[in-house]
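Peer 1:
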Amino acid sequence: MLPKWFEEARFGMFIHWGLYAALGGFWKGQEMTYIGEWIQARFRIPNEEYAKLAETFDPVKFNADEWIRTAAEAGVKYIVYTSKHHDGFAMYHSKVSSYNIYDATPFKRDPLAELAEACRKYGVRLGIYYSQNLDWHEPDGGDPGPGYPSNGGMMSWGNDWDFPDYDKKNFRRYFENKVKPQIRELLTNYGEVSVLWCDCPLDMKPEFSQELRAFVKELQPNCIINQRIGNNCQDYGGLGDNQLPIDRRKDTRESPVTLNHTWGYKKNDHAWKTPQHIVRTLASLAARNANLLLNVGPMPDGDWPEGTKNVFAGITPWIREHADAIFGSGSNPFAVDMPFGCCTVSGKNLNLFVDQDVPEIVLNGILSKVVSATVPFTQDGEVLRLDTTGLSDPLLACVTVTFDEVPQVRQDLIPQNGVLHIRPRNGEAIHGEDAAESGNTTVSADGEKEGSKHSSFGRDGSLQFWDNPADRIVWPVILPAGRYRILLETRNRATWDAHAEWFGDRKAAWQLGDLAGETELVRESGEGGSGVSCLAECELASEFRGDFMLRTAEVLSENAVHMDLIGVRFVKVAQ
Ligand code: GLC
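Using our numbering, read the sequence shown as starting at 149 and increasing by one per residue.
1. Does the Cβ-Cβ distance between S279 and C371 come in under 8 Å?
2. Could you tell me which of M711, E668, Y632 sits nearest to R717, measuring between CA atoms?
3. With three or more beta-carbon pairs closer than 8 Å as the criterion, would you say the region 673-688 touches the region 532-547?
4. Please name the residue, chosen from S357, I276, G295, W305, that lies closest to N337 on a Cα-to-Cα basis.
5. From Y296 to N195, what does the alpha carbon distance come to, in whole angstroms?
6. How far does the beta strand (DSSP E) with A629 in it extend, from its first residue to its last?
7. What three-state label does DSSP hand C267 in the structure shown?
8. List the DSSP bridge partners of F651.
9. Within 7 Å: the Cβ of E185 and any heavy atom of the ligand GLC?
10. Under a three-way DSSP split, which group does S586 fall into?
11. Please work out which residues of its chain come closer than 7 Å, Cβ to Cβ, to R428, disregarding the five sequence neighbours upstream and downstream, and give them in chain order.
12. Would you kindly work out how many angstroms separate the C-alpha atoms of S586 and S604, rounded to a whole number?
13. By alpha-carbon positions, which one of E402, P572, V493 ends up nearest to E553?
14. Say yes only if the C-beta of D472 is nearer than 7 Å to one or more non-hydrogen atoms of the ligand GLC, and no if none qualify.
15. Looking at S432 and C490, is the spacing between their C-beta atoms short of 8 Å?
16. How many Å lie between A483 and G172 at the Cα?
17. Could you tell me the alpha carbon to alpha carbon distance between D399 and D313, rounded to whole angstroms?
18. Can you tell me which of P354, K365, V327 puts its alpha carbon nearest to the alpha carbon of E340?
19. I'd like to confirm the pairing. Which residues does DSSP put opposite V444 in its beta bridges?
20. With I463 as the anchor, note down where its beta strand (DSSP E) starts and where it stops.
21. Can you list, in chain order, the residues of its chain whose CB lies under 6 Å from that of S516, leaving out five sequence neighbours each side?
22. Ordered along the chain, which non-local residues of its own chain (more than five positions away) have a Cβ less than 7 Å from that of N512?
23. With a threshold of 6 Å on Cβ separation, who are the neighbours of W466 within its own chain once the five nearest residues in sequence on each side are excluded?
24. Just verifying my parser: in three-state terms, what is the DSSP assignment at I426?
25. Between D347 and the ligand GLC, is there a pair consisting of the residue's CB and a ligand heavy atom that are separated by less than 7 Å?
26. State the DSSP-derived secondary structure class of Y748, mapped to helix, strand or coil.
27. Once DSSP output is grouped into helix, strand and coil, what is the label at V224?
28. Short of 6 Å in beta carbon distance, which residues of its chain neighbour R558, apart from the five on each side in sequence? Order them along the chain.
29. Going by beta carbon distance, what residues of the same chain come within less than 7 Å of D449, once the five residues before and after it are set aside?
30. Just curious, the beta strand (DSSP E) that P404 is in, first and last residue?
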């Protein structure tokens, strides 16, 4: 059972801060690709040289009170602070290793102690990130070895530049001498720790995840652990980096999200997401019973980048105004997604977040009685009409509908506001007998292995590896008579990679009653790795109740294997 505070939290703040911030993405004049905290591995910087960064690391502008006050004002309910990242440098005062911010830098302060105090002051929960497997500073730090798929085809996961002799590495020694003693410090010296956030388990053996879990629970029984502890030893599930779920589960999950393209500070990364983008992400995660863990990558002087400050200033008023619709809210009560945005439930209120200009919203399958709404409405049987003319908010508009009970709605796959928007998990994925020669094995940024010759559901709710023409997916839909465009939504699985591209590269086959067809996917709209393609236009003379079937008829290039199916939309174009 997850603690109530986590189920209600909806908003956490990740803090990636370490020696890497001092380099800001550059090493000896060369700019890195990839995320900033990986700079030591990216340039294979010897420990001896990397450690020198500590000699001048003096974040005089560090102000724990200000960091946490800013977060608390924006509605942040918990933080997750990098106490030790893959570089092995402790960003707190550790007695276990002098490779830490107190002993090795001129700063001579313990930021974690100051953050813990500020968290108590502002009622924000303290969570701690600890890289339990990778540690490039230690000869015995985690290393899946040369036989393991590399990190993004670019880097070794472990330190093979200072410590190339893989056979000599003894993970047990590192685990006993550094991980456990440091975890003991972190869970005894800083008061209540609500989350231990582990990362990159890769090939770490089950016994270590199990031991670590038991150790944490012995020290702080109420501390919850994310799934990157590895080997199914977690308390809660998390999505991949920048991966947003499209389905919802009974148990609350968490999406870690960057504000630009990096976690650790990079001075040249100005690709800041907008306040609008962030509040929309927050609302859409709440609608899917997930918490947003939004990253801040402070600068080496302890200040936040301007772009980060701007986003917090931009989102704070909106979040404060809509706190009731976000915090402690329940997810979308309908089986289908809302074509105009998303929705949550708080008590007897249905909160509709509207991210586009729509003059009217028509909801079907409403079984409870409406008492009031923040816009004019009429209720006729199961149909609720809301007049949304003039509704506008530059960040995200919200309509609240109050019922005489907790709103009850039909669970059928029926259109809302003229659009039936279904997701892979609304349907049934059926495997054919032939295992086609498609599917490959990849390792995601957080070390999760993926790959299959048959379709499977990704942890984000997408349909992955739907390349096998023998497989299909079937949804039981209800569509009133009319003319519809059928749109397919696909996205590149590498959502963590800001440069991930969209590929069609397949022919899809579909069937709806007597109607059927085959279409090569072309992108009509969408950006980055996401795309919407038109599958067909079809005419229904009378109401249709039955199966909609979709499968891949032909894979046109190997690229297709990276593209996941994330949704289908039936958009009514005429009566
Ligand atoms: C990945 C990266 C790590 C980062 C983390 C954030 O696992 O390896 O550097 O801290 O994602 O979620």
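Just so you know, even glycine gets a beta-carbon here, dropped at the ideal spot from N, CA and C.
Peer 2: With the given structure in hand:
1. No, the Cβ-Cβ distance between S279 and C371 is not below 8 Å.
2. Its Cα nearest to that of R717, the residue Y632 stands out among M711, E668, Y632.
3. Not touching, per the Cβ criterion.
4. Taking N337 as reference, the option from S357, I276, G295, W305 with the minimal CA-CA separation is I276.
5. Taking C-alpha positions only, Y296 is separated from N195 by approximately 23 Å.
6. Premise fails: A629 is in no beta strand (DSSP E) and is neither H nor E.
7. Helix at C267.
8. In the DSSP secondary-structure assignment, F651 is not bridged to any residue.
9. Between the ligand GLC and E185, a heavy atom-to-CB distance of less than 7 Å is present.
10. Confidence at S586 is low in this model, with a pLDDT of 49, below 50, so its placement is unreliable and the value that follows should be read with caution. Reduced to three states, the DSSP call for S586 is coil.
11. In the same chain as R428, and ignoring 5 residues on each side of it, the C-beta atoms closer than 7 Å to its own belong to D503, L544, in chain order.
12. Only weak support exists for where S586 lies, its pLDDT of 49 falling under 50; the value from the coordinates is given anyway. Each residue's Cα considered, the two are about 13 Å apart.
13. Selected option, being the one with the closest Cα: V493.
14. For D472, the distance from the CB to the nearest heavy atom of the ligand GLC is not below 7 Å.
15. Yes, the Cβ-Cβ distance between C490 and S432 is below 8 Å.
16. Going from the Cα of A483 to the Cα of G172 covers about 45 Å.
17. D399 and D313: Cα-Cα distance of roughly 43 Å.
18. The alpha carbon of E340 has as its nearest neighbour, out of P354, K365, V327, the alpha carbon of K365.
19. Partner(s): I163.
20. Element bounds for I463: not the beta strand (DSSP E) but the alpha helix (DSSP H), 454-469.
21. Cβ neighbours of S516 beyond the five flanking positions: F551, E553, P555, Q556.
22. These residues qualify, in order along the chain: E530, V531, I562, P563, Q564.
23. V427, L543, listed in sequence order.
24. Here I426 sits in helix by DSSP.
25. Within the cutoff, so yes.
26. Since the displayed the chain opens at 149 and closes at 723, residue 748 lies outside it and no answer follows.
27. The answer is coil: DSSP assigns V224 none of H, G, I, E or B.
28. The answer, listed in chain order, is G513.
29. Only P207, V208, K209 meet the Cβ criterion.
30. For P404, the uninterrupted beta strand (DSSP E) run begins and ends at 401-405, by DSSP.
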